[in-house]
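Residue numbers (the UniProt record's numbering): 1 to 698. Even for Gly, the Cβ is constructed at its ideal location relative to N, Cα and C. Here's the structure we're looking at; comments come further down.
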């Protein structure tokens, strides 16, 4: 048996110097050990155990932790509601807050298990019941607002520990639950104050003139970490941009603390649009450290390194590689072999981010030549393997990267050339045609993949129309795996980006050599009962920065409220997209004009293309059962509904309109001779835009 001093050995060297366990403490620890986790500990007993080196799961049960979390939340809320003293002067409040933070952070010692997952869910439910996040953010705001005139504003010694406790809890909760993360992003006053403090701290932080710098830097790192977690989710980004986060965070890229540098880079990578990324100064030091951090994470066999997962780091590399000047620095410091290794050995998320990073690096010609010449990097072989991945997203981005490499190769890999004679002839006939007129052509179409009636014939008809019209951008809804396979084999000039491959989904197709994709995201509508999402693709079309968005909103009359909620969220993304981009948003929205009025109409600046092109009655109804007979109705039903379910909206960039709609057509209105059906129960929407480039020199 271990000696008593070994059993009660203290973790912290500082505690070892200032505190020695009493005889009572030693006896209590021995009693707790004897019960092997079956003894229910109160808060003081738990905090005692936390100071020792004892493995926590051996002596404290998860159910005990849950009870401690709940009781501390209740006491925190009670202390907050009393208001007899301000919270930051209330000892019961701080004692309970510290306990809650220790309980929450203790979960990292427990192996992943159904019980642990259930406990996290329970804590999250308690959080909603007792409003701990709102309370902690309000108290943090008050504390950060104290002492603006100090050398290190808001960071008096007595406040540092308190703020550290509150922010640590917020970080832990944000990491575990997307909904709670979203809640934090809505705490506008807290975010404003936090951002203001980061701005105020720049000068004292870099001048090293504050005695509280070391402790205060911990607060700074927690704030950066919180901003990073919140900005990982697209729906939170605009609120963070609204508090001027880019201007505030940028100076910290020059910190001599690599953790803060990397966190700052991660935040900026998440929220900066393409033009803002380009204006950030190239930073050799932070690029070198980023590549080193990736190598460290990779060496730990794809486990978390420090606070970073391999997927997170690969995503940062991908985002940083959007900056032209950083592309060569990343290659110079060894990013390519690491990204290849991640693609070969990582999970699906790792592979996708790694191949996206490689694809971005290949856009620089010097990089491309070097990546081809360096045979030891095995980039071509890796991309060939990834292009055969069962995961559609990985497969498509790998094919795109291979096509970029093809500019310098005699031929593509053989498997990419394994097409039927029909497909080869199709490709040749397309390439032989004259280039399309100057402008942008766009198609949006629900192709009715849910109906199995003559699915191959109908999909073949869709493919023929796409290859005939040659739109630069295609939005498809109700795509299924079978139809996607047919499309990808026969629409050879296009890159495919899917929202998923389960059941039915949306797809954005963009013409290669015309559209350059820089980023894509899928935003789930979490309250949807039908698995609906919003799909976003950032790109340039003929040199014009654009944001492409498509969605298939909730269907059925009974789901009107959910559909309106989804439409409002989608329009929020349209309105709040980067102001340097033209936004094109089209799809099967399942909406009626009445529902648009009920959400107070389209926001200012959002245009309805059908209206902008003259409200032609002949092109009004996109789902018209009086003409389209694919839908079967009762023989005695005289009423045949016709509705404008499908729509295309646009928003101009801030400067001036660079494209304008000049024509709006409905396509797919001819029956297929072999089966007697139309290609879909919806008509397709084909729009032609003119491009206006101001070439007049001032």
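Applying the 10 Å Cβ sphere with the 16-neighbour rule, what's the burial state of residue i?
i, result
"residue 245", "buried"
"residue 206", "exposed"
"residue 346", "buried"
"residue 577", "buried"
"residue 624", "buried"
"residue 657", "exposed"
"residue 408", "Note that residue 408 has pLDDT 48, beneath the 50 cutoff, so the model's placement of it is unreliable and the number below is only indicative. It is exposed - the Cβ of residue 408 has fewer than 16 other Cβ atoms within 10 Å."
"residue 78", "exposed"
"residue 81", "exposed"
"residue 239", "buried"
"residue 471", "buried"
"residue 310", "buried"
"residue 179", "exposed"
"residue 553", "buried"
"residue 55", "exposed"
"residue 653", "buried"
"residue 236", "buried"
"residue 687", "buried"
"residue 632", "exposed"
"residue 108", "exposed"
Residue i lies in the beta strand (DSSP E); which residues open and close that run?
i, result
"residue 332", "Premise fails: residue 332 lies in the alpha helix (DSSP H), 324–332, not in any beta strand (DSSP E)."
"residue 369", "Where residue 369 is concerned, there is no enclosing beta strand (DSSP E), although the alpha helix (DSSP H) it sits in stretches over 365–373."
"residue 641", "Run containing residue 641: none; DSSP gives neither H nor E here."
"residue 516", "515–524"
"residue 142", "It is not in any beta strand (DSSP E) - residue 142 instead sits in the alpha helix (DSSP H) that spans 132–144."
"residue 687", "684–691"
"residue 549", "544–552"
"residue 383", "Careful: residue 383 lies outside any beta strand (DSSP E), inside the alpha helix (DSSP H) at 379–386."
"residue 309", "Unbroken run through residue 309: none, as it is neither H nor E."
"residue 664", "659–667"
What number of angstroms, rounded off, separates the C-alpha of residue i from the C-alpha of residue j?
i, j, result
"residue 440", "residue 666", "17 Å"
"residue 423", "residue 467", "Model confidence at residue 423 stands at a pLDDT of 38, short of 50, so the residue's coordinates are unreliable and nothing is read from them."
"residue 194", "residue 328", "34 Å"
"residue 72", "residue 499", "42 Å"
"residue 491", "residue 141", "55 Å"
"residue 222", "residue 557", "46 Å"
"residue 674", "residue 605", "45 Å"
"residue 699", "residue 321", "Beyond the ends of the chain as shown, which are 1 and 698, falls residue 699; an answer cannot be given."
"residue 132", "residue 257", "31 Å"
"residue 584", "residue 649", "6 Å"
"residue 260", "residue 285", "13 Å"
"residue 660", "residue 473", "15 Å"
"residue 374", "residue 334", "12 Å"
"residue 348", "residue 317", "17 Å"
"residue 528", "residue 651", "26 Å"
"residue 202", "residue 167", "19 Å"
"residue 412", "residue 272", "Low confidence applies here, because residue 412 scores a pLDDT of 48, under 50, leaving its location unreliable and the question unanswered by this model."
"residue 510", "residue 365", "22 Å"
"residue 677", "residue 551", "25 Å"
Considering residue i, what are the terminal residues of the alpha helix (DSSP H) in which it resides?
i, result
"residue 190", "188–200"
"residue 710", "Outside the displayed range of the chain (1 to 698) lies residue 710, so it cannot be described from this structure."
"residue 337", "335–345"
"residue 612", "609–612"
"residue 264", "258–271"
"residue 249", "245–249"
"residue 297", "284–299"
"residue 615", "First-last for residue 615: undefined, no H or E at that position."
Candidates the options: which alpha carbon is nearest residue i's?
i, options, result
"residue 336", "489, 62 and 383", "383"
"residue 544", "691, 28 and 324", "691"
"residue 338", "160, 357 and 585", "357"
"residue 505", "564, 582, 39 and 533", "533"
"residue 664", "615, 340, 226 and 266", "615"
"residue 220", "198, 233, 240 and 525", "198"
"residue 146", "135, 160 and 136", "160"
"residue 699", "568, 172 and 107", "Lying outside 1 to 698, the shown extent of the chain, residue 699 is not represented and no answer is given."
"residue 390", "241, 26, 481 and 27", "481"
"residue 265", "217, 315, 242 and 233", "315"
"residue 596", "105, 564, 517 and 575", "564"
"residue 243", "232, 218, 519 and 190", "190"
Does any heavy atom of the ligand FMN sit closer than 7 Å to the C-beta of residue i?
i, result
"residue 259", "The model depicted lacks the ligand FMN and carries no ligand whatsoever."
>> Report the start-end ranges of each alpha helix (DSSP H) in the stretch 45–124 that is 4 residues or longer and not cut off at the edges.
In response: Those alpha helix (DSSP H) runs which fall completely within the stretch 45–124 and span 4+ residues are 56–59, 62–82 and 91–106.
>> My parser needs the beta strand (DSSP E) runs of 3 or more residues fully inside the stretch 423–511; what are they?
In response: Every unbroken stretch of the beta strand (DSSP E) spanning 3 or more residues and falling wholly within the stretch 423–511 is given here in chain order: 440–446, 473–479, 494–498 and 505–511.
> What are the complete beta strand (DSSP E) segments, minimum 3 residues, inside the stretch 530–600?
Replying inline: Those beta strand (DSSP E) runs which fall completely within the stretch 530–600 and span 3+ residues are 533–541, 544–552 and 582–588.
> Counting only runs that start and end within the stretch 159–190, where is the alpha helix (DSSP H) found for 4 or more residues in a row?
Replying inline: 178–185, all fully within the stretch 159–190.
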